[in-house]
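With our numbering as the guide, the letters of the sequence shown map in order to residues 4 to 135. Here is the structure we will look at, set down as structure tokens.
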Amino acid sequence: MSPSNVDVVRAVVTEFNRGNFAAAMEMCTEDVVFDWSRRMLDGEVLTGRKDAQRFLEGVLEIFDEIHIPADELTDLGDGVVLLVGTARFKGRASGLDVEAAAANLWTVRDGKVSHFRFYQSKEEALEAAATS
């Protein structure tokens, strides 16, 4: 039996939280899109595993610890999974703990993540999911 879309997203997030970006990227399609364009700082869209992994590794230059929640994962149908929670980061230079609301839409195709979209709120993510 193949894993559910929620299981696929949970597995990617688990590897990300372990800092194992290579394993996380193996669970994504070659042409995966990471859309950070709605982010407050440095919004950008990354295409392909290599660009996404390079971006994630860059995040670790700023933060010692990163934890993305996988507590609230909802299958919205058509391969789309909503992840909602509070992301936690620990600054590398400052040692400060930082928290930020996380609301992401993940699209799973053929058992792999093909698209990730960041949103500022659960409501914004749900509205986007309803119109796509």
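Built from N, CA and C at the ideal position, the CB exists for glycine as well. Fair warning: this is a prediction, and the values are worked out from it, not measured in the lab.
- Under a 10 Å Cβ-count criterion, Thr110 is classified as buried, with 16 or more other Cβ atoms of the shown protein chains found around its own Cβ.
- For the set Asn23, Ser97 and Glu68, the Cα lying nearest the Cα of Arg57 is the one of Asn23.
- Residue environment analysis places Leu63 among the exposed positions, since fewer than 16 neighbouring C-beta atoms fall within 10 angstroms of its C-beta.
- Contact between Phe92 and Asn107 fails: their C-beta atoms lie close to 15 Å from each other, not under 8 Å.
- Less than 8 Å separates the beta-carbon of Asp38 from that of Phe119.
- DSSP, reduced to helix, strand and coil, places Glu126 within a helical segment of the structure shown.
- Bounds of the alpha helix (DSSP H) holding Glu60 are Arg52 to Ile65.
- Taking each of Arg41, Val116, Phe66 and Pro6 in turn and checking the Cα distance to Ala131, the smallest one comes out for Arg41.
- With fewer than 16 other Cβ atoms inside 10 Å of its own Cβ, Arg95 counts as exposed.
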